[in-house]
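Undergrad: Sequence order for the protein chains is E and B.
If you read the first sequence in numbering that gives the first Met the number 0, its first letter stands for residue 0, the second for the next number, and so on.
If you read the second sequence in numbering that gives the first Met the number 0, its first letter stands for residue 0, the second for the next number, and so on.
Heads up, the beta-carbon is just placed ideally off N, CA and C, and yes, glycines get one too.
There are 2 protein chains.
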Amino acid sequence: MGGDHAPDMVVAGADLARERCPNADFLFVGDEARINALLERHPALKPISTVRHTPDFVAMDAKPSVALRAGRNSSMRLAIDAVASGDAACVVSAGNTGALMAIAKFVLKTLPGIDRPAIASILPTQRGETVMLDLGANLECDADNLVQFAVMGTVFSRTVLGLLNPTVGLLNVGSEEQKGHEQIREAAAALRQTPLAPYFHGFIEGNDLALGTVDVVVTDGFTGNVALKTAEGTAKLYAEFLRRTFRSSLLAKLGYLLAKGAFNKLRQRMDPRRYNGAMFLGLRGICVKSHGGTDAVGFSNAIAVAFNMASHGFNDKIRDQLAVLQAALAAAADKARDESATGSETAVQ
Amino acid sequence: MGGDHAPDMVVAGADLARERCPNADFLFVGDEARINALLERHPALKPISTVRHTPDFVAMDAKPSVALRAGRNSSMRLAIDAVASGDAACVVSAGNTGALMAIAKFVLKTLPGIDRPAIASILPTQRGETVMLDLGANLECDADNLVQFAVMGTVFSRTVLGLLNPTVGLLNVGSEEQKGHEQIREAAAALRQTPLAPYFHGFIEGNDLALGTVDVVVTDGFTGNVALKTAEGTAKLYAEFLRRTFRSSLLAKLGYLLAKGAFNKLRQRMDPRRYNGAMFLGLRGICVKSHGGTDAVGFSNAIAVAFNMASHGFNDKIRDQLAVLQAALAAAADKARDESATGSETAVQ
Numbered sequence: 000m001g002g003d004h005a006p007d008m009v010v011a012g013a014d015l016a017r018e019r020c021p022n023a024d025f026l027f028v029g030d031e032a033r034i035n036a037l038l039e040r041h042p043a044l045k046p047i048s049t050v051r052h053t054p055d056f057v058a059m060d061a062k063p064s065v066a067l068r069a070g071r072n073s074s075m076r077l078a079i080d081a082v083a084s085g086d087a088a089c090v091v092s093a094g095n096t097g098a099l100m101a102i103a104k105f106v107l108k109t110l111p112g113i114d115r116p117a118i119a120s121i122l123p124t125q126r127g128e129t130v131m132l133d134l135g136a137n138l139e140c141d142a143d144n145l146v147q148f149a150v151m152g153t154v155f156s157r158t159v160l161g162l163l164n165p166t167v168g169l170l171n172v173g174s175e176e177q178k179g180h181e182q183i184r185e186a187a188a189a190l191r192q193t194p195l196a197p198y199f200h201g202f203i204e205g206n207d208l209a210l211g212t213v214d215v216v217v218t219d220g221f222t223g224n225v226a227l228k229t230a231e232g233t234a235k236l237y238a239e240f241l242r243r244t245f246r247s248s249l250l251a252k253l254g255y256l257l258a259k260g261a262f263n264k265l266r267q268r269m270d271p272r273r274y275n276g277a278m279f280l281g282l283r284g285i286c287v288k289s290h291g292g293t294d295a296v297g298f299s300n301a302i303a304v305a306f307n308m309a310s311h312g313f314n315d316k317i318r319d320q321l322a323v324l325q326a327a328l329a330a331a332a333d334k335a336r337d338e339s340a341t342g343s344e345t346a347v348q
Numbered sequence: 000m001g002g003d004h005a006p007d008m009v010v011a012g013a014d015l016a017r018e019r020c021p022n023a024d025f026l027f028v029g030d031e032a033r034i035n036a037l038l039e040r041h042p043a044l045k046p047i048s049t050v051r052h053t054p055d056f057v058a059m060d061a062k063p064s065v066a067l068r069a070g071r072n073s074s075m076r077l078a079i080d081a082v083a084s085g086d087a088a089c090v091v092s093a094g095n096t097g098a099l100m101a102i103a104k105f106v107l108k109t110l111p112g113i114d115r116p117a118i119a120s121i122l123p124t125q126r127g128e129t130v131m132l133d134l135g136a137n138l139e140c141d142a143d144n145l146v147q148f149a150v151m152g153t154v155f156s157r158t159v160l161g162l163l164n165p166t167v168g169l170l171n172v173g174s175e176e177q178k179g180h181e182q183i184r185e186a187a188a189a190l191r192q193t194p195l196a197p198y199f200h201g202f203i204e205g206n207d208l209a210l211g212t213v214d215v216v217v218t219d220g221f222t223g224n225v226a227l228k229t230a231e232g233t234a235k236l237y238a239e240f241l242r243r244t245f246r247s248s249l250l251a252k253l254g255y256l257l258a259k260g261a262f263n264k265l266r267q268r269m270d271p272r273r274y275n276g277a278m279f280l281g282l283r284g285i286c287v288k289s290h291g292g293t294d295a296v297g298f299s300n301a302i303a304v305a306f307n308m309a310s311h312g313f314n315d316k317i318r319d320q321l322a323v324l325q326a327a328l329a330a331a332a333d334k335a336r337d338e339s340a341t342g343s344e345t346a347v348q
């Protein structure tokens, strides 16, 4: 029931997603009468759909803490409960982001080895696509959080984007080793001790996002949120300038008519609906947040992302990778201890 | 002697800046023989130029601390010394940013009431232009720093950009009052106690940069640096996509030929050389940093920015504004004290 155009857009989005999600069934949680009426209009979707009724929903401007305490019967809460109970493989919502994260964290809990979940998203770049996290779940992050984000981003890139050995970069104000604050310098040192080391590119800067210098961009939630929105804002500014330029003279208008086909391709490639669906990573359950203002096409993309994560066993893979990582970090710590012990013996001799 | 194309680009840039800087004289610091040879090629510039010779210069990759200690005879140091001694009204350099800030801070010192200088730059927006600071001088900032940045940005916007009452925004992850970390929430509360209060917009988000929601964007140096480079990178990505699109088919190429005039105007408006020149604000002297890779046109813009700041008495105005601000903050603190005193008396009764 969340988002600007629910439930119509949600049901229409599911119908579009149907073809990209083979053997998927849909569980709609919300106002039964409205959802059933909509399903009548989507005859292919109806037989693979179930509706769980609730009149309650989380308002778009509700405080997360209030939504968590008071919204036990809300459509958002019941949809997340369905993931916790195993009735659903994943949940997709276009509702209130803060409430969704708070409820998902409370109901699903974090995966073993993950201190805090992160919000991740896919960005278009000059070379293809990059996944960036965190985008706002954690305003301040320590080195451990950042290392865990790197693991989660890597597993996402492998399983959902299909990259064999994605490269990882830490977002910083310069690429030299001494740049930035303590947390990222510590995270960089820790990553060099892990199995991710060969794919760890080091520090990257803001302009590397659009260049696609790395496949996984790791940052704290404050910086990531500002960077993502700055990139989106700049992209919109350019689209607007382009529109004005093509309208600025008769010749330019004619030029547009000729180049229209080529520009339609560009528009498709940069369509924000293609990149709709922010993934909540690090939870014991798959949860994807759609933009509240998207349409059915955008929502179907968010569903497809969640479906891919679920069908590729995304969380099992994160769990496995974290176990490997922790073993490697423990071994590195043991080695450092042994070496310093040997060092002191030598000093005694 | 700094930047990729010095000293040629520097001398040529000064010649271009000459017309926009009435009654300006130029002091060139560096390799006398090379500079004199270049001045021969710019006959109108030569009579208003002086050359101060030094064979030393700061390498582009030198550590700031090393440049500060070892570079006492460097062209950068001597140029800043000339501002300190009053021989020059302002200094412009295309050299090593970290070294320039370290030397400028050491030689010029900060203005009274300013704890830390900040780097500011002008950005193109949908509505016109916005000034943003800090862009990397201070990775972590407390509320006092941010309030001082707001004052410096406001004075810059008034004196250099000519806005009567520029609006100020604090860059955050959301616009609601409870968003963000402590430092920005404190800075917002403090700004509401100052004479800037009527022009304080509150929190803004990354997408507000391109929208031009406010005239002055205040942020810490880490976030500002990432946001600026992200915006620049996204702009380049779009320019690149645009180029590819116009080349993707014969019709698109023809379309470009027709729309070329309109696109040349757009290119001029978005020309990064127009926005060249990062201002070091809060020092007892005017210091502007040009991009190292710019050309004479870009460098002339950096000179024009410095000239404008000097001829409008920029630093005197910051000093005055800070005095007013401090009086207002002191009055607010007194008032809060009085009120709590009255409160406790009432409680006793």
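#1: Could you run through the stretch 132-159 of chain E and flag, in chain order, every residue whose CB is less than 7 Å away from some CB of chain B?
#2: Does residue 231 (chain B) have its Cβ less than 8 Å from a Cβ in chain E?
#3: Can you tell which of B:66, B:222, B:175 and B:85 has the C-alpha that lies nearest to the C-alpha of residue 137 (chain B)?
#4: Express the C-alpha separation of residue 294 (chain B) and residue 61 (chain E) in angstroms, rounding to a whole number.
#5: For a contact meaning CB atoms closer than 7 Å, what does residue 320 (chain B) contact in chain E?
#6: Using the beta-carbon of each residue, which ones in chain B are nearer than 8 Å to residue 180 (chain E)?
#7: Check the Cβ of residue 125 (chain B) against every Cβ in chain A and list those closer than 8 Å, keeping chain order.
#8: Short of 8 Å Cβ to Cβ, which residues in the stretch 261-282 of chain E face chain B?
#9: When you compare the CB of residue 198 (chain B) with every CB in chain E, is at least one pair closer than 8 Å?
#10: Taking the DSSP output, what are the residues bridged to residue 215 (chain E)?
#11: Between which residues of its own chain and residue 323 (chain B) is the CB-CB distance below 8 Å, once the five residues before and five after are set aside?
#12: Would you check if the stretch 242-256 of chain B and the stretch 250-261 of chain E touch, i.e. whether three or more CB-CB distances between them fall below 8 Å?
#13: Report, in whole angstroms, the separation of the C-beta atoms of residue 358 (chain E) and residue 231 (chain B), which I expect to be a contact under 8 Å.
#14: Give me the subset of the stretch 185-212 of chain E whose CB atoms are less than 8 Å from a CB atom of chain B, sorted by chain position.
#15: To which residues of the same chain is residue 31 (chain B) closer than 6 Å at the C-beta, ignoring the five residues directly before and after it?
#16: Closer than 7 Å, Cβ to any Cβ of chain B: which residues of the stretch 83-100 of chain E, in chain order?
#17: What residues from chain B crowd round residue 16 (chain E), counting only those whose CB sits closer than 7 Å?
#18: Thinking C-beta only, is residue 2 (chain E) closer than 8 Å to residue 93 (chain E)?
#19: Under 8 Å between C-beta atoms, does residue 225 (chain B) make it to chain E?
#20: Would you kindly check if the distance between the Cβ of residue 101 (chain B) and the Cβ of residue 26 (chain B) is under 8 Å?
#21: For residue 311 (chain E), which residues in the same chain have their Cβ closer than 7 Å to its Cβ, ignoring the five residues on either side in sequence?
#22: Give a yes or no on contact between the stretch 262-275 of chain E and the stretch 115-135 of chain E, applying the rule of three or more CB pairs nearer than 8 Å.
#23: Less than 8 Å between the CB atoms is what I'm expecting for residue 107 (chain E) and residue 282 (chain E), so what's the real figure, rounded?
#24: Apart from the five residues on each side of it in sequence, which residues of its chain come closer than 7 Å, Cβ to Cβ, to residue 297 (chain B)?
#25: By Cβ distance, which residues of its chain are closer than 6 Å to residue 334 (chain E), with the 5 residues on each side in sequence left out?
#26: For residue 54 (chain E) and residue 73 (chain E), what's the separation of their Cα atoms in angstroms?
#27: By how many angstroms is the C-alpha of residue 29 (chain E) removed from the C-alpha of residue 56 (chain E)?
#28: Distance, Cα to Cα, residue 346 (chain B) vs residue 185 (chain B)?
#29: Might you give, ordered along the chain, the residues of its own chain that have their beta carbon closer than 7 Å to the beta carbon of residue 35 (chain B), omitting 5 neighbours on each side?
#30: If you drop the 5 nearest sequence neighbours on each side, which residues of the same chain put their C-beta closer than 8 Å to that of residue 203 (chain B)?
#31: Identify the contact partners of residue 228 (chain E) in chain B, using a Cβ-Cβ distance below 7 Å as the criterion.
#32: Pick helix, strand or coil for residue 283 (chain E), following the three-state DSSP scheme.
#33: By DSSP's criteria, residue 201 (chain E) is part of a beta bridge. Which residues make up the other side?
#34: Cβ closer than 9 Å: which chain B residues qualify as neighbours of residue 5 (chain E)?
#35: Looking only at its own chain, which residues have a Cβ that is under 6 Å from the Cβ of residue 19 (chain E), when we skip the five neighbours before and after it?
#36: Taking the alpha-carbon of residue 320 (chain E) as reference, which of E:235, E:224, E:11 and E:152 has the nearest alpha-carbon?
TA: Looking at the coordinates:
#1: 135, 138 and 139
#2: By one-based count along the second sequence, residue 231 (chain B) stands at place 232. Yes, because at least one Cβ of chain E sits closer than 8 Å to the Cβ of residue 231 (chain B).
#3: Counting from 1 along the second sequence, the entry for residue 137 (chain B) is found at position 138. It is B:222.
#4: Within the first sequence, residue 61 (chain E) is the residue found at index 62, counting from 1. Within the second sequence, residue 294 (chain B) is the residue found at index 295, counting from 1. Answer to the nearest angstrom: the Cα atoms are 52 Å apart.
#5: In the second sequence, residue 320 (chain B) corresponds to position 321, counting from 1. The contacting residues do not exist; residue 320 (chain B) stays about 27 Å from chain E at best.
#6: For the purposes of this step, residue 180 (chain E) is identified with residue 181 of the first sequence, where counting begins at 1. What residue 180 (chain E) touches in chain B: 138, 139 and 221.
#7: In the structure shown, chain A cannot be found, because the protein chains are E and B.
#8: 261, 262, 264, 265, 268 and 269
#9: By 1-based counting over the second sequence, the position of residue 198 (chain B) is 199. Chain E contact via Cβ: absent.
#10: Along the first sequence, one-based indexing puts residue 215 (chain E) at 216. Answer by DSSP bridge pairing, in chain order: E:130 and E:167.
#11: One-based indexing of the second sequence puts residue 323 (chain B) at position 324. Closer than 8 Å at Cβ, skipping near neighbours: 194.
#12: yes
#13: Any question about residue 358 (chain E) goes unanswered here, given that chain E covers just 0 to 348.
#14: 204, 205, 206, 207, 208, 209 and 210
#15: Sequence index remark: in the second sequence, residue 31 (chain B) carries index 32 (1-based). Result list for residue 31 (chain B): 50 and 52, in chain order.
#16: none
#17: Here residue 16 (chain E) corresponds to residue number 17 of the first sequence, with the count starting at 1. Simply none; closest approach about 27 Å.
#18: Taking the first sequence and counting its residues from 1, one reaches residue 93 (chain E) at position 94. Taking the first sequence and counting its residues from 1, one reaches residue 2 (chain E) at position 3. Taking 8 Å as the Cβ cut-off, residue 93 (chain E) and residue 2 (chain E) qualify as a contacting pair.
#19: By 1-based counting over the second sequence, the position of residue 225 (chain B) is 226. Residue 225 (chain B) counts as touching chain E.
#20: Against the second sequence, residue 26 (chain B) aligns to sequence position 27. Against the second sequence, residue 101 (chain B) aligns to sequence position 102. No. Outside cutoff.
#21: Translated into the one-based positions of the first sequence, residue 311 (chain E) becomes position 312. The answer, listed in chain order, is 158 and 159.
#22: yes
#23: Working through the first sequence from its first residue, we reach residue 107 (chain E) at position 108. Working through the first sequence from its first residue, we reach residue 282 (chain E) at position 283. About 4 Å; that satisfies the 8 Å criterion.
#24: Counting from one through the second sequence, the residue named residue 297 (chain B) turns up at place 298. So the list reads 272, 275, 289 and 290, once near-sequence residues are dropped.
#25: The residue given as residue 334 (chain E) occupies position 335 in the first sequence. Excluding sequence neighbours, residue 334 (chain E) sits near nothing in its chain.
#26: Reading the first sequence from its first residue, position 55 is the one you call residue 54 (chain E). Reading the first sequence from its first residue, position 74 is the one you call residue 73 (chain E). Approximately 7 Å, taken between the alpha carbons.
#27: Reading the first sequence from its first residue, position 57 is the one you call residue 56 (chain E). Reading the first sequence from its first residue, position 30 is the one you call residue 29 (chain E). Approximately 7 Å, taken between the alpha carbons.
#28: Here residue 346 (chain B) is taken as the residue at index 347 of the second sequence, counted from 1. Here residue 185 (chain B) is taken as the residue at index 186 of the second sequence, counted from 1. Residue placement at residue 346 (chain B) is poorly supported in this model, since its pLDDT is 41, which falls under 50; the coordinates are not used for a value here.
#29: Counting from one through the second sequence, the residue named residue 35 (chain B) turns up at place 36. Cβ neighbours of residue 35 (chain B) beyond the five flanking positions: 50.
#30: The residue you call residue 203 (chain B) lines up with position 204 of the second sequence. Once the five neighbours on either side are set aside, the close Cβ partners of residue 203 (chain B) are 168, 169, 170, 171, 174, 212, 213 and 216.
#31: The count along the first sequence starts at 1 and reaches residue 228 (chain E) at position 229. Those within 7 Å of residue 228 (chain E) in chain B are 204, 205 and 206.
#32: Locating residue 283 (chain E) in the first sequence gives position 284, counting from the first residue. Of the three classes helix, strand and coil, the one that applies to residue 283 (chain E) here is coil, per DSSP.
#33: The residue labelled residue 201 (chain E) in the question sits at position 202 within the first sequence. DSSP output for residue 201 (chain E) lists E:168 as bridge partner(s).
#34: The count along the first sequence starts at 1 and reaches residue 5 (chain E) at position 6. The premise fails here: residue 5 (chain E) is roughly 22 Å from chain B at the closest Cβ pair, so nothing lies under 9 Å.
#35: Residue numbering aside, residue 19 (chain E) sits at position 20 when the first sequence is read from its first letter. Closer than 6 Å at Cβ, skipping near neighbours: 303.
#36: The residue labelled residue 320 (chain E) in the question sits at position 321 within the first sequence. For residue 320 (chain E), the nearest C-alpha among the options comes from E:152.
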